[in-house]
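Letter by letter, the sequence shown follows residues 0 to 70 in numbering that gives the first Met the number 0.
Report on the structure given below.
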Amino acid sequence: MFSVKKLGKNGMWGTVSLIDENGSFRGEAKFETKKEAEEYLKKFKGRMKKPVELMVADESLPAEPEIKKKR
């Protein structure tokens, strides 16, 4: 299982919302294949007003380490 995640202000990765073609919320953006997740990431990135760091995460792997912000 793969998910699309974004880096939050607190330095933690969180799963983004899955929005369908009609603009309806369908839960978390989780997919069976990496290809599906990457395609959704591109669509999601296109709707973003402010650029944020996004990634496709493999849910079968251990949790991602926290990323510390540079000051």
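Cβ atoms here follow ideal geometry from the backbone N, Cα and C, with glycine treated the same way.
CB contact flag (residue i, residue j, <8 angstroms)
| i | j | result |
| --- | --- | --- |
| GLU27 | LEU40 | no |
| VAL51 | ALA36 | no |
| LYS8 | LEU53 | no |
Buried/exposed call for residue i, threshold 16 Cβ in 10 Å
| i | result |
| --- | --- |
| VAL3 | buried |
| PHE1 | buried |
| PHE24 | exposed |
Euclidean distance between Cα positions of residue i and residue j
| i | j | result |
| --- | --- | --- |
| LYS29 | GLY10 | 21 angstroms |
| LYS44 | SER59 | 24 angstroms |
| LYS75 | VAL15 | Shown here, the chain extends from 0 to 70; a query on residue 75 therefore has no answer. |
Option in the options with minimal Cα separation from residue i
| i | options | result |
| --- | --- | --- |
| GLU20 | LYS48, LYS33, LYS42 | LYS42 |
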